[in-house]
Structure formats: structure tokens, C-alpha cells
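Since the structure comes first, as C-alpha cells, the remarks are kept for the end.
Chains as they are written, first to last, in this note's numbering: chain Y, 7 to 413; chain V, 7 to 413.
Set out below in C-alpha cells:
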């Protein structure tokens with residue numbers, strides 16, 4: 007991929023034609039005429055995910071019933087799916103498991119980290135995704151531990167001082183700023199502290215190398231396209247997995263769950279972080295959604311996402327919009343955040359034009375560039391329409407100003 | 007329903023013909039020729055659940071995408087579905103929420119109960135479902151609380167002594183023995199203790215009155231037929247809900263999740279026990295599965311389940327099998343447990359004959375009688391086949407003796 011930007015819509019089309027990832031778009035069941043730039047929030051369905059879900063429901067559940075735990079491999083599905091996610095985050099196949107929600111997994115990891123860290127003090131920066139902050143609050147309260155809520159970018163300093171447990175996003179949900187994981191892990195090592203990484207906005211769009219980190223959780227319904235509320239994943243590096251335990255030792259994390267033993271004996275490795283019975287239908291859709299990543303390296307995904315983001319920022323500048331996303335692509339995740347005091351209504355006006363981005367209070371408009379189904383022409387069209395919406399002022403209507411429940 | 011038992015297969019058929027619930031069987035997508043008596047483990051699919059799941063996937067996810075949080079009502083689905091489950095357990099519509107797994111919900115409640123109980127001591131009987139025991143263990147370890155593992159039926163005594171927190175099944179997963187909830191709650195009240203009820207094997211088959219209890223969690227993929235691993239529910243009585251908080255305050259339990267505030271402010275009532283994003287596909291199937299209960303009272307479900315269980319026990323006695331399930335139907339849940347040292351192979355031999363029950367180590371054969379799709383003729387056929395399998399000794403073959411992963 008070259009670093010010069012396309013200078014016209016036709017240029018964009020030509021660039022997309024040369025993109026080896028472009029054909030992946032056909033794998034997706036995207037609505038006709040819709041330009042979807044919200045894959046950082048909810049990824050779209052692939053044809054395979056829809057077909058697999060139907061199979062899981064009609065064949066495995068309705069026909070196979072209880073037998074499908076063995077016959078359809080339900081019992082191994084969380085581990086098998088975890089192993090496939092592992093490749094996408096630069097982890098070993100035995101280090102990732104699909105289970106619970108990101109919130110629950112962060113809780114499990116931050117609690118388990120107490121057996122690894124020099125101090126039980128919890129640290130969270132105030133611009134982290136809310137759930138990460140609330141979970142830190144909940145765990146601190148339950149365990150009567152100290153919780154340091156610190157200003158953005160103060161987390162590492164406080165980690166160095168305390169040797170505590172820092173919950174940190176690899177990619178900030180608002181700005182898409184990327185954390186320097188290597189530097190952060192060095193601070194953790196030196197201080198005796200531990201970092202619990204939230205990979206939600208990084209997975210499927212960055213070339214991560216999780217071998218440098220010990221603990222992480224992440225979302226599967228964003229760039230992995232696992233479906234609404236698809237179960238999350240948990241990563242625990244092999245060398246620490248057997249030294250820690252889950253505070254939520256549901257029976258699926260037992261060494262021999264079907265022995266129905268009274269005492270908990272944790273399974274080996276990350277499998278001990280399994281909890282209750284996973285939602286098989288949602289998990290089946292996720293498993294099939296991962297097929298869209300077969301044969302692609304995380305480096306290819308990252309390179310394309312960066313190119314699209316750079317292009318978006320260059321066009322946004324031309325229409326006079328400020329961005330809080332890093333200009334340097336190596337410091338940015340898969341989305342770009344632009345600001346306008348009427349951002350909510352502007353996003354609504356764009357949706358009315360068939361272009362979907364999203365809004366985060368008070369003034370942030372986010373546009374996500376999933377490398378699997380987004381191209382240069384899409385970026386052009388979106389920014390062209392955005393410029394037009396600003397010029398016409400069409401966002402200034404009661405329809406677009408009326409807020410929905412979910413924004 | 008009369009108390010005399012049918013004396014022939016034809017008698018059974020006649021009895022089923024008079025059963026007002028018999029027509030509900032047509033709502034289920036049961037495989038032809040299969041007799042399914044494992045609804046206490048995984049309920050079968052209804053036609054509506056399958057159709058709703060397809061709609062959720064193909065229309066709401068694939069076509070509606072992120073817009074479906076508002077347009078398809080995803081954002082309210084966990085509460086709306088909880089309100090419908092509430093009717094089935096004798097709770098108010100604002101007292102039940104669908105979220106997480108039973109394991110996670112038991113953890114949340116047992117942790118939250120510390121703000122209600124005289125003592126943080128946890129109490130669990132040794133014949134409880136393993137996950138209940140492990141979760142008690144995990145919470146005790148995390149909070150450095152005392153955990154009393156006590157013999158079956160000692161729980162109330164220890165609750166009385168300590169004023170602690172007892173995790174207790176309303177129906178024992180192994181024997182189907184029913185707890186005397188009224189008596190237990192009296193002990194809790196007198197001692198200042200709290201009981202966290204596990205309603206997993208009771209919901210959808212017993213006429214519960216949860217107004218006498220404060221906290222409970224339960225499973226939706228057994229008698230509620232929500233689908234494999236369908237999200238669980240949590241019950242918190244209105245008068246205590248705002249006095250306690252969840253140790254897992256995921257962003258969905260915030261008063262205003264879409265304000266993305268840094269500090270956690272719990273939603274009102276049971277809604278504060280929401281956690282991360284719920285698995286919408288699995289949740290949609292569950293929501294539709296509940297349609298099968300419309301127009302039926304829990305008392306009707308209970309009466310039929312008891313009659314079928316009584317009938318099963320009477321037939322089992324004739325073929326010389328012992329049961330650990332209470333003979334008195336008011337003390338028994340929806341399944342019957344019979345014992346045989348070769349129980350595993352016998353269950354496999356029955357499955358080969360198209361009759362599905364399940365096995366619990368070391369010698370328990372469980373047969374579940376979901377009142378929505380099981381009749382007297384089914385019980386007759388199952389016990390007739392079981393007698394035959396014992397007589398022929400056909401279970402004694404390598405095929406049936408070889409153990410599967412899930413038993």
C-alpha cells in the first residue's frame with residue numbers, strides 16, 4: 007500500500023481494485039446501498055455466520071438436543087474459538103478462551119492479578135471505557151482495596167509507584183489512541199505490578215503481540231463480527247495461567263466438570279477461567295464469523311486500517327473538522343474520531359443518507375474502518391457526504407436532533 | 007387431574023387426550039420418533055424460538071445492524087424478557103432481569119448479600135450443584151470470608167447460628183428434592199441471615215412464590231427452553247434492590263449507560279445487576295421460547311409435572327428400580343432420579359432406542375417431565391423401554407459402556 011492519498015473518487019475505486027483484501031467484502035451480508043462505518047461498535051454479519059447460526063439452532067439444538075454437547079462439539083467450542091482468536095492477537099492457541107462478557111473477564115483478571123502483583127491497589131485512568139472503570143470500582147469495593155482513579159496518561163506512573171494492578175485499553179474507545187504496550191509492560195515488570203489489557207477496540211484491526219503481556223480480555227462483536235453481544239474472550243499467558251485462579255470458578259472451568267465434584271479443582275491453563283455454560287447460539291455465530299479472517303495476517307489488517315484512517319483524516323481536514331485521533335497511524339486504532347458540537351444530529355443526518363457512523367457524548371463522531379469490508383471509495387463517500395451535511399445544514403432538523411435511547 | 011394412575015398404554019393416551027396442556031407439544035420442534043426426557047438439562051426448541059432467532063440474525067443484525075439497539079428493542083430485551091420470567095416464578099415484573107450465567111449471578115448476589123446479612127460467612131451444602139459450591143469457594147477466597155461447607159440439610163441450622171449467607175437450590179439437581187422455602191426464609195429472617203436461591207431446576211415447573219424470598223438466580227435453558235447456554239436470570243426483591251449493589255457493575259447496569267460517565271451510578275432496582283452487553287442472539291431465542299408459557303399458570307405446570315413424576319415412580323417400582331427422588335410429589339421437582347450401578351450404559355441403550363434421559367455419576371439416571379411437551383404415554387413408553395433394557399441386558403455392550411465427554 008502506498009502512502010499517497012487517492013485524489014478523486016475514481017482514484018479510490020482504482021486503489022480498492024488493487025487491494026487484496028477487497029474481495030473479503032463479499033463474505034458479508036451488508037444491506038444494499040448502506041455504507042457501514044460502525045464496525046468498531048457492532049460488526050456486520052457474514053453469510054457464513056448466518057448459515058452457521060441456523061445450523062446450530064435447527065440441526066444441533068432442535069434435532070441434536072442434549073447430544074450436541076458431544077456430537078456437535080459444543081463442549082469444545084469456547085476453547086476452539088479462543089484458539090482461532092489467539093492467532094489474531096499474537097497469542098498461543100492454548101492461551102485464549104471465549105467466555106462471559108468483557109466486563110466479567112476484566113473482573114476475573116483484575117481479581118486474579120492480585121496473586122501476581124506486588125500490591126492489590128487498582129489503577130484506572132479516567133478516560134477508559136466506562137465498564138472498565140466501574141469494574142475496577144466494584145472489585146475495589148468488594149475486596150476493600152485501594153482504587154486510584156488517575157488522569158489520562160498517569161496510569162503508568164502510578165503503576166510504577168505502587169506495583170499495583172492497572173486496567174488499560176490497548177486502543178482508547180473514544181480517540182482510538184494506541185497504548186505503547188511494550189513500554190507499559192516494562193513498567194509493570196520493573197514495579198512488580200500487573201496490567202490487565204482491554205483489547206476490545208484493538209482485536210481484528212491491530213497486529214498485537216500478546217507474548218509481551220500476561221493478562222487481557224477483549225470484545226468479539228466489534229472487528230471480529232461475532233454478532234450483537236457475542237461472548238468475549240480472555241487471554242492468560244501460559245506461564246502465569248496455572249499460578250492464578252478465577253474468582254468466578256463456574257463449573258465449566260473445573261478440571262473435570264462432569265465429575266460433579268464438591269471441591270473446585272481448576273482446569274489447566276486459561277481453561278480455568280471458564281465460568282458457566284456459554285451461550286452456544288451466539289458462540290456458534292462468532293466461530294463462523296472468524297472464517298472471514300482465514301488466510302489474512304494481522305499485519306495486513308493493520309496496514310489497511312491505517313491507510314484508510316490516514317485517508318479519512320486528510321479528507322476531514324479539508325472539510326474543516328478537528329480530530330482527537332492520533333495523526334500518526336502507528337499510534338491509532340481502527341477508527342477515527344471527529345468533533346462537532348452538533349455531532350449527534352450530524353451522525354443522524356448521515357444515517358438518513360445511508361452512512362452509519364456513531365456518536366459519543368458530548369461531541370465525538372466516530373467512523374470505523376474495518377479492513378475486511380471497507381475501502382478507499384467508502385472513506386471518500388463518507389467524508390464527501392459529511393462535508394455536504396455540514397454545508398447544507400440539513401442536520402439542524404427536529405428529526406435529527408431527537409435523541410434515541412442508544413446513541 | 008385424578009390421582010389414580012393409568013393402567014395401560016391406551017389409558018395413558020386417553021389421559022393425555024384430556025390434558026389441556028397436551029396441545030402445547032405442537033409448539034415444539036422435536037425430532038420425529040424421539041422421546042425427550044432431558045428438559046431438566048436442555049429444553050427443546052420451539053418453532054417460534056427458531057423463527058425469532060432467524061429474524062434476530064438476518065433482519066435485526068445483518069440488515070438493521072447497530073440501529074437495532076433502538077429499532078428492534080435490543081436495549082430493553084433483557085428487562086422485557088425478565089419481566090415475562092417473573093410471572094413464572096411468582097415475582098413482580100420489575101424484579102427479574104436476564105443476564106450472565108447462573109454462576110455469575112450467584113456470585114453477584116452472594117457478594118451483594120453482604121450488605122444485608124448479619125455476617126459475611128458463606129454457607130453451602132455439599133450436595134448442591136457444583137457451580138454453586140465453587141462460586142461460594144471463589145467468593146470466600148476473594149473476600150477472605152469464612153466458608154462453611156456443611157452436610158446436606160445442615161445449611162439452615164448453620165444459617166440460624168451465623169446469620170450468614172446460604173446459597174441454596176430450590177430443587178436439588180440430583181434428587182429433585184424441593185426445599186421448604188417458607189421455612190428457610192423464616193430462619194433467615196430470625197437469624198439476620200440471607201438466602202441466595204438457585205432456581206435452576208425449579209423454574210418453569212414449580213409454582214414458586216418469590217415474594218417470600220429476597221435474592222435468586224436461575225437457568226433459562228432447562229424448563230424454559232431458552233436454548234443451549236441461554237443467558238440466566240436474576241431476581242432481586244424490590245424492597246432490597248436499591249439497598250445493595252453488584253460487585254460486577256458492568257456499564258449496562260449504570261443508571262445512564264449512554265452518558266459514558268466515569269463513576270458508576272447504579273440503575274434503579276434489579277436493573278443495577280446488569281453487567282456487560284447481553285448475547286442478543288441467544289437472548290432473542292429465549293424471549294420467543296417463553297411464548298410457549300403464555301396462558302398457562304405455574305400451578306398448572308406444577309400439577310402436571312407432579313402427576314407425571316408420580317406415575318414414573320410407580321412404574322419404576324414395578325421394574326425394581328430405586329429412586330432417590332421424594333415419593334411425595336409436593337416435595338419433588340420436575341424430574342425423577344432412578345439408580346442402577348450401570349446407569350451410564352443403560353441411559354446410552356435407551357438413547358439408542360430414541361429415548362433421551364441423562365446420567366449423573368456414579369449411578370443416577372434422571373428423567374425429566376416437562377409439562378409442556380411430555381405426557382402419560384411418554385412416561386409409559388420410557389419406563390416400558392427401561393424395563394426391557396434391563397431384562398435384555400442390551401446395555402452391556404462396548405458401545406454403551408464407552409463414555410462420552412459430556413455425560
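Cβ coordinates follow ideal geometry from the N, Cα and C atoms, glycine included.
Spell out the partners DSSP gives residue i in its beta bridges.
{"i": "residue 364 of chain Y", "result": "Y/372"}
{"i": "residue 195 of chain V", "result": "Residue 195 of chain V is not bridged to any residue."}
{"i": "residue 203 of chain Y", "result": "Y/174 and Y/222"}
{"i": "residue 342 of chain V", "result": "V/373"}
{"i": "residue 329 of chain V", "result": "V/344"}
{"i": "residue 140 of chain V", "result": "Its beta-bridge partners do not exist; DSSP assigns none."}
{"i": "residue 183 of chain Y", "result": "Y/338"}
{"i": "residue 104 of chain V", "result": "V/239"}
{"i": "residue 42 of chain Y", "result": "Y/362"}
{"i": "residue 260 of chain V", "result": "V/272"}
{"i": "residue 156 of chain Y", "result": "Y/131"}
{"i": "residue 52 of chain Y", "result": "Y/34"}
With burial defined as no fewer than 16 other Cβ atoms inside 10 Å of the residue's Cβ, what is the status of residue i: buried or exposed?
{"i": "residue 30 of chain Y", "result": "buried"}
{"i": "residue 6 of chain Y", "result": "Outside the displayed span of chain Y (7 to 413) sits residue 6 of chain Y, for which this structure offers no information."}
{"i": "residue 245 of chain Y", "result": "exposed"}
{"i": "residue 353 of chain V", "result": "buried"}
{"i": "residue 1 of chain V", "result": "In the structure displayed, chain V extends from 7 to 413; residue 1 of chain V sits before or after that span and is not available."}
{"i": "residue 7 of chain V", "result": "Annotation note: pLDDT 44 at residue 7 of chain V (below 50); position unreliable, no value reported."}
{"i": "residue 132 of chain Y", "result": "exposed"}
{"i": "residue 196 of chain V", "result": "exposed"}
{"i": "residue 407 of chain V", "result": "exposed"}
{"i": "residue 226 of chain V", "result": "buried"}
{"i": "residue 77 of chain Y", "result": "exposed"}
{"i": "residue 271 of chain V", "result": "exposed"}
{"i": "residue 254 of chain V", "result": "buried"}
{"i": "residue 2 of chain V", "result": "Because chain V is modelled from 7 through 413, residue 2 of chain V falls outside the range shown and cannot be assessed."}
Between which residues of its own chain and residue i is the CB-CB distance below 7 Å, once the five residues before and five after are set aside?
{"i": "residue 277 of chain Y", "result": "85, 103 and 259"}
{"i": "residue 285 of chain V", "result": "237"}
{"i": "residue 394 of chain V", "result": "none"}
{"i": "residue 11 of chain V", "result": "317 and 320"}
By Cβ distance, which residues of its chain are closer than 8 Å to residue i, with the 5 residues on each side in sequence left out?
{"i": "residue 218 of chain V", "result": "187, 188 and 191"}
{"i": "residue 381 of chain V", "result": "18, 21, 22, 25, 28, 31 and 314"}
{"i": "residue 96 of chain V", "result": "213, 214, 215, 216, 217 and 304"}
Is residue i near the ligand HEM, in the sense that its beta carbon is under 7 Å from a heavy atom of that ligand?
{"i": "residue 130 of chain V", "result": "This structure simply doesn't include the ligand HEM, nor any ligand for that matter."}
Considering only residues of the same chain and omitting the five flanking positions on each side of residue i, which have a CB-CB separation below 6 Å?
{"i": "residue 359 of chain Y", "result": "391"}
{"i": "residue 127 of chain V", "result": "152, 168 and 170"}
{"i": "residue 413 of chain Y", "result": "365"}
{"i": "residue 379 of chain Y", "result": "31 and 34"}
{"i": "residue 83 of chain Y", "result": "289"}
In the segment 111 to 136 of chain Y, which residues sit with their C-beta less than 7 Å from some C-beta in chain V, listed in chain order? With the criterion set as a beta carbon lying under 7 Å from some beta carbon of chain V, the members of the segment 111 to 136 of chain Y are 113, 117, 132 and 136, in sequence order.
If contact means a Cβ-Cβ distance below 8 Å, which residues of the segment 272 to 289 of chain Y contact chain V? Contacts with chain V (Cβ-Cβ distance below 8 Å) from the segment 272 to 289 of chain Y involve 281, 282, 283, 284, 285, 286, 287, 288 and 289, listed in chain order.
Closer than 7 Å, Cβ to any Cβ of chain V: which residues of the segment 44 to 57 of chain Y, in chain order? Within the segment 44 to 57 of chain Y, those residues whose Cβ lies closer than 7 Å to any Cβ of chain V are, in chain order, 44, 47, 48, 50, 51 and 56.
Please identify, using Cβ separations under 7 Å, the residues of the segment 357 to 374 of chain Y that lie next to chain V, in order along the chain. Answer set for the segment 357 to 374 of chain Y: 362, 364, 366 and 367.
May I ask you to list, following chain order, the residues of the segment 13 to 45 of chain Y that have a beta carbon less than 7 Å from some beta carbon of chain V? Identification of residues in the segment 13 to 45 of chain Y having a C-beta nearer than 7 Å to some C-beta of chain V yields 35, 37, 42 and 44, given in sequence order.
Are the segment 315 to 328 of chain Y and the segment 113 to 132 of chain Y touching, with three or more C-beta to C-beta distances below 8 Å? Contact between the segment 315 to 328 of chain Y and the segment 113 to 132 of chain Y is absent, because fewer than three Cβ pairs lie under 8 Å.
Stretch-stretch touch, CB-based, cutoff 8 Å, three pairs: the segment 263 to 281 of chain Y with the segment 12 to 25 of chain Y: Taking 8 Å as the limit for Cβ pairs, the verdict is that the segment 12 to 25 of chain Y does not touch the segment 263 to 281 of chain Y.
Indicate whether the contact test is met: 3 or more Cβ pairs, each with one atom in the segment 394 to 401 of chain Y and one in the segment 31 to 49 of chain Y, closer than 8 Å. Contact between the segment 394 to 401 of chain Y and the segment 31 to 49 of chain Y is not established, with fewer than three Cβ pairs separated by less than 8 Å.
Contact set between the segment 160 to 175 of chain Y and chain V, restricted to residues whose Cβ is under 7 Å from the partner: Only those residues of the segment 160 to 175 of chain Y whose C-beta falls short of 7 Å from the nearest C-beta of chain V would be listed, and there are none.
Is there contact here, the segment 284 to 302 of chain Y with the segment 224 to 236 of chain Y, by at least three beta-carbon pairs under 8 Å? Touching, yes, given that three or more Cβ pairs across the two stretches are closer than 8 Å.
Please name the residues in the segment 261 to 272 of chain Y whose beta-carbon is closer than 8 Å to at least one beta-carbon of chain V, in chain order. Taking 8 Å as the cut-off between beta carbons, the residues of the segment 261 to 272 of chain Y near chain V are 263, 264, 265, 266, 267, 268, 269 and 270, in sequence order.
Using a Cβ-Cβ cutoff of 9 Å, what residues of the segment 245 to 259 of chain Y are near chain V? List them in chain order. So the close ones are 251, 252, 253, 254, 255, 256, 257, 258 and 259.
Evaluate the contact criterion for the segment 336 to 343 of chain Y versus the segment 176 to 185 of chain Y: three or more CB pairs, one atom per stretch, below 8 Å. In the pairwise beta carbon analysis, the segment 336 to 343 of chain Y is classified as touching the segment 176 to 185 of chain Y: at least three pairs are separated by under 8 Å.
Mind checking the segment 229 to 242 of chain V against chain Y and listing, in chain order, the residues whose C-beta falls within less than 8 Å of any C-beta there? Residues 233, 234, 235, 236, 237 and 238.
Do the segment 383 to 390 of chain V and the segment 308 to 320 of chain V touch if we need at least three Cβ pairs shorter than 8 Å? The segment 383 to 390 of chain V is in contact with the segment 308 to 320 of chain V.
Taking a Cβ distance cut-off of 7 Å, strictly less, list which residues of the segment 326 to 355 of chain Y are near chain V, in chain order. Here the close residues number zero.
Taking only beta carbons into account, state which residues of the segment 135 to 159 of chain V come closer than 8 Å to chain Y, listed in chain order. Closer than 8 Å at the C-beta level to chain Y, one finds these residues of the segment 135 to 159 of chain V: 135, 136, 137, 139, 140, 141, 143, 144, 145, 147, 148, 149 and 155.
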